[in-house]
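Visitor:
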Ligand code: ATP
């Protein structure tokens, strides 16, 4: 369980988040929706410990981690996939996975963890000796998700996993996220501009505008809301 309580984040004189309350539960997908600059990335970075709030608290499994640095939060099972497909592009696919696994708690031996990745994404097995930078956009996103899940996180923070991908690939990626979260009871927070897509898989969502939560509710309710439909329409 991840909770943000009255979290305010400032970058110098720029207020990125203001008094954010959010609760993301294990085994459920929580969507954070909003336009460019609404504060989605800041929220995920705050949860991961890369950005520290000016006020408010971040709780993991009920424990206050507001002052805990990012590397310690990572050992407590928090894993962030940042926007923009950050991979080691000149390294091989399997080398990227090995590196990610090396930073995890290593509950599963590498060979077994690799088998799980390849069962979910057989194309990565085919390309395992190729450079990560030579993969298509969709395959890179699969590798990023695999690099996150190979660490067996308890809390997975995904920043715009659908960015720039074809709808059929997005559907595949979201199906993986849903299965993973439900089967392992992982807490998942997905930040997305493409609200309609995210709400198809999310259980609950928050809509951010200029750093504030302007609406929250279960996914079915949000999907019908004008504010959410306007958000998606802007990116079609
Ligand atoms: P995007 O989809 O473009 O990443 P976002 O919803 O994730 O948008 P943030 O990146 O969290 O939004 O940005 C929220 C606000 O904080 C914006 O006004 C942005 O310009 C500002 N901001 C973000 N990072 C910094 C920073 N390092 N320094 C100063 N201002 C920042």
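Numbering (this note's numbering), first residue to last: 854 to 1089.
The beta carbon of each residue, even a glycine, is placed where N, CA and C say it ideally should be.
(1) With respect to the beta strand (DSSP E) encompassing residue 859, which residues constitute its N-terminal and C-terminal limits?
(2) Starting from residue 1032, follow the alpha helix (DSSP H) in both directions and report where the run begins and ends.
(3) Count the CB pairs spanning the segment 958 to 970 and the segment 913 to 920 that are closer than 8 Å, and state whether there are at least three.
(4) Could you tell me the boundaries of the alpha helix (DSSP H) in which residue 1015 lies?
(5) For residue 909, is the beta carbon positioned less than 6 Å from some heavy atom of the ligand ATP?
(6) Just the Cα atoms here: how many angstroms apart are residue 1076 and residue 1068?
(7) What is the rounded straight-line gap between the Cα of residue 1070 and the Cα of residue 979?
(8) Would you say the beta carbon of residue 894 comes nearer than 6 Å to a heavy atom of the ligand ATP?
(9) If you reduce the DSSP assignment to three classes, tell me which class residue 1089 lands in.
(10) Note down, one range per segment and in chain order, each alpha helix (DSSP H) of at least 4 residues found wholly within the segment 917 to 949.
(11) List the residues that DSSP assigns as beta-bridge partners of residue 1058.
(12) Please name the residue or residues paired with residue 1063 in a DSSP beta bridge.
(13) Pick from 1014, 922, 940: whose alpha carbon is nearest that of residue 1000?
(14) Could you tell me which residues DSSP puts in a beta bridge with residue 908?
(15) For residue 1060, tell me which candidate among 1011, 885, 863, 881 has the shortest Cα-Cα distance.
Guide: Looking at the atomic coordinates:
(1) It spans 855 to 864 - the beta strand (DSSP E) in which residue 859 sits, taken as one unbroken run.
(2) 1020 to 1037
(3) no
(4) Segment: none, residue 1015 is in no alpha helix (DSSP H) and carries neither H nor E.
(5) no
(6) 12 Å
(7) 41 Å
(8) yes
(9) Only weak support exists for where residue 1089 lies, its pLDDT of 47 falling under 50; the value from the coordinates is given anyway. Note: residue 1089 maps to coil in three-state DSSP.
(10) Runs of the alpha helix (DSSP H) inside the segment 917 to 949: 923 to 928.
(11) 884, 1070
(12) Note: residue 1063 sits in no beta bridge, so no partner.
(13) 940
(14) When DSSP reads this structure, residue 908 sits in a beta bridge with 861.
(15) 885
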